[in-house]
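Counting from 1, position 300 in the sequence shown corresponds to residue 300 in the numbering used here; the numbering is continuous, with no gaps.
Glycine included, C-beta positions come from ideal geometry on N, C-alpha and C.
Below is one structure, written out as structure tokens; comments come after it.
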Amino acid sequence: MQFYIDHDWQENMATPRAKVGERAKTHLLILLCAIWLCVGLIGHSPWKPFESQSASIIQTLIDHPFLSAASWTQGDWIAPVSAGHPLLETPPLFYWAATGFAHLLSPLLPTHDAARLSVGLWMLVTLIMTGLSGRELWNLGVGRQTNFIFIGCLGLVVSAHTMMPAVAALSGITMAFYALALVMRKPIRAMWLLCTGLLTAFLAGGVVPALTIILSVLGLLLVPAIRQHKPTYRAMLAGTLLAMPGICLWCWLCQQWAPGLWHAWWQSQWQFQLPGNHGYFLRTLAWYAWPALPFAMWGVWRFRQSVLSTYRFQLGLIFFGIAFILIGFMSDRSEVSALPLLVPLTVLAAGSIETLKRGAAGALNWFGLILFGILIAIAWLGWWAMLNGSPVKLYQRLSYLSGLETISFSLLYGAIAVAVTLIWLSIVLRAKHSNRSSATNWAIGMTCAWTVFMSLWLPMIEAARTYQPLFEDLRKHLPAHYNCIHAQNIGASQEDLLHYHAGIHLHAVIPPRDHEQAKSTQCDLYLIEDQPGKRHVLPGDEWRVIWEGEQTRQNRESFRLLQRH
């Protein structure tokens, strides 16, 4: 039995045209996305390199409230920089949102956990915009598949739970992409979406994401169908131009309040790397964009005769091509830089999955079942080894990597892991072999594996990566009065975490073995990170050690704090 309700979902938000079972599928999508979004956002300290810089900046904004005179005279809210990164790297939109979350939720959560929840909001916007793009470009029901493929991408899951501006920039990019998908049907709505997306992408990520959107618009304006459809043509131009006052306003404010930071940042944004990093990003996409990449490639091949004349492929290929070229020439070798490439690949993949050969869909389905089954088994086995010391080899390896001798049993996290594992087993036993089920089962497998790992392994990962106990202990051993602290071998991320966890600002970092500078410094404290395997050297007879500490992970980073006497 089927029933249908006529509607225009994007016009009046009425009940969508559906059949029996569609509501259950929508509930499955909401549940999967909620679990995928929430797990991993709280319960651990800031991890370097990305979160350390964000935590330091957010702490600076908290220490200098928005309406205080110091925040404007120093330009903290217009051009935020961290303790270890003295140069401006991105505009401030992400930090504004994270600081707002920290202010609202800090009585209930630590500052870093409260700020990290803003990442969940940005990713929620990203998922909504990505699903709407797939629905708009293909058909009803494809929006779900778009999100299933998106959350199943191997490279997305860690970045989507990391406190960094690239997450907010991705939200702006997906918003602009959806605007370009919608523009031929709803030009006015698309115009405002494009304006908002472009402004968000620039204020969160800088020139590269904004330039990706602008050049994609210009490329689409050359398409004959767009040129002939005047409302679409005008909406694209107007949406781009409407974002320019906001972009120019921030640039002007930054020039006024932090001219040095502005000029250095603007020059760095236009530096091209020759030769480019395109080979690196191609190799990265082979696993980073799985399974979106093979689905998208199949779709281009399957519809190869109409690729150049169909708007969905024109939009996807133009956007991907421009983003790939710009990222290769203007971004560093970092997996995070590849995030914008997932958007067009996922949307192209979502509609192409229906045309996949049944044998290929079945092979992908079983590959996902086996892969995530192995990962879940490894998670349970590693947890059991750390809890009971057996298997011995695995226990020794995990203990060495994490620095822990054992872990305590958590009833809550254990119950979550058991429930998710049972869900996964039910999926395996009732797996259906169809094109759509391959994407759905992959997304469920990714969500279950991520949830089990974060439930069972989080104490080990946290012990291996956190600096919080170390630097809080250092703060307790600081003298009541001191002039400043010089440092040696302290990295920028460690300096950011020193600022966040201990409230310490280092005066200067002395080059290794430059003991003459250490002797001539006016600071009466000296923080040294000792190199592994090398003899500890005192910078001079006038210095004495007042504190020693060690990070618990495998390379055994050790620190000494010295005081001049």
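Which word fits residue i, buried or exposed, when buried means at least 16 other C-beta atoms lie within 10 angstroms of its C-beta?
i: residue 347; result: buried
i: residue 550; result: exposed
i: residue 136; result: buried
i: residue 484; result: exposed
i: residue 512; result: No answer about residue 512 holds up, because its pLDDT of 48 lies below 50 and its placement is not dependable.
i: residue 288; result: buried
i: residue 147; result: buried
i: residue 11; result: Confidence at residue 11 is low in this model, with a pLDDT of 40, below 50, so its placement is unreliable and the value that follows should be read with caution. Classification of residue 11: exposed, given that the 10 Å Cβ count is below 16.
i: residue 195; result: buried
i: residue 488; result: buried
i: residue 9; result: Any reading at residue 9 must be qualified, since the residue scores a pLDDT of 37, below 50, and its modelled position is unreliable; the value itself is stated next. Exposed, by the Cβ-count rule.
i: residue 283; result: exposed
i: residue 427; result: buried
i: residue 304; result: exposed
i: residue 424; result: buried
i: residue 455; result: buried
i: residue 441; result: buried
i: residue 173; result: buried
i: residue 272; result: exposed
i: residue 359; result: exposed
i: residue 420; result: buried
i: residue 65; result: exposed
i: residue 142; result: buried
i: residue 6; result: Because the pLDDT of residue 6 is 38, which lies under 50, any placement of that residue in the model is unreliable, and the number read from its coordinates should be weighed accordingly. By the neighbour-count rule (16 or more Cβ atoms within 10 Å), residue 6 is not buried but exposed.
i: residue 53; result: buried
i: residue 436; result: buried
i: residue 270; result: exposed
i: residue 44; result: buried
Comparing C-alpha positions only, which one of the options sits nearest to residue i?
i: residue 96; options: 128, 119, 86, 83; result: 119
i: residue 84; options: 505, 246, 384, 108; result: 505
i: residue 401; options: 557, 540, 356; result: 557
i: residue 244; options: 283, 426, 198, 477; result: 198
i: residue 42; options: 116, 250, 28; result: 116
i: residue 543; options: 486, 531, 411, 495; result: 486
i: residue 185; options: 223, 235, 31, 382; result: 235
i: residue 281; options: 305, 340, 410; result: 340
i: residue 343; options: 30, 565, 317; result: 317
i: residue 178; options: 430, 130, 396, 55; result: 130
i: residue 410; options: 458, 531, 145; result: 458
i: residue 101; options: 82, 238, 149, 55; result: 55
i: residue 327; options: 207, 354, 373, 297; result: 207
i: residue 408; options: 389, 565, 61; result: 389
i: residue 353; options: 77, 219, 29, 144; result: 144
i: residue 490; options: 531, 479, 476; result: 531
Thinking C-beta only, is residue j closer than 8 angstroms to residue i?
i: residue 91; j: residue 203; result: yes
i: residue 546; j: residue 522; result: no
i: residue 351; j: residue 134; result: yes
i: residue 123; j: residue 51; result: no
i: residue 152; j: residue 377; result: no
i: residue 98; j: residue 88; result: no
i: residue 472; j: residue 502; result: yes
i: residue 463; j: residue 403; result: yes
i: residue 474; j: residue 561; result: yes
i: residue 180; j: residue 216; result: yes
i: residue 338; j: residue 299; result: no
i: residue 449; j: residue 375; result: yes
i: residue 398; j: residue 460; result: yes
i: residue 240; j: residue 187; result: no
i: residue 559; j: residue 527; result: yes
i: residue 220; j: residue 226; result: yes
State the CB to CB distance for the pair residue i and residue j, rounded to an integer number of angstroms; the pair is presumed to be in contact (CB under 8 angstroms).
i: residue 500; j: residue 74; result: Going by Cβ atoms, the distance from residue 500 to residue 74 rounds to 18 angstroms, so no, they are not a contact pair.
i: residue 254; j: residue 127; result: The Cβ separation is near 31 angstroms, so there is no contact.
i: residue 467; j: residue 525; result: That pair is no contact at about 18 angstroms.
i: residue 93; j: residue 168; result: 6 angstroms
i: residue 497; j: residue 46; result: 7 angstroms
i: residue 453; j: residue 379; result: 5 angstroms
i: residue 492; j: residue 434; result: Contact flag wrong, Cβ pair sits at about 50 angstroms.
i: residue 156; j: residue 175; result: With a Cβ gap of about 17 angstroms, residue 156 and residue 175 do not count as contacting.
i: residue 159; j: residue 336; result: 6 angstroms
I'd like to know whether the C-beta of residue i is nearer than 8 angstroms to at least one C-beta of chain B.
i: residue 195; result: Any reference to chain B falls outside this structure, which holds one protein chain only.
(message) Under 8 angstroms, with one C-beta from each stretch per pair, do the segment 312 to 319 and the segment 358 to 366 reach the 3-pair mark?
(response) no
(message) With a threshold of 8 angstroms, are at least 3 pairs of Cβ atoms found where one atom belongs to the segment 106 to 115 and the other to the segment 292 to 302?
(response) no
(message) Under 8 angstroms: do the segment 267 to 282 and the segment 329 to 337 share three or more Cβ pairs, one atom per stretch?
(response) yes
(request) Count the C-beta pairs between the segment 313 to 327 and the segment 206 to 223 that are closer than 8 angstroms, then say yes if the count reaches three, no if not. (result) yes
(request) Assess, as a yes-or-no matter, whether the segment 263 to 271 is touched by the segment 414 to 433 under the definition of 3 or more beta carbon pairs within less than 8 angstroms. (result) no
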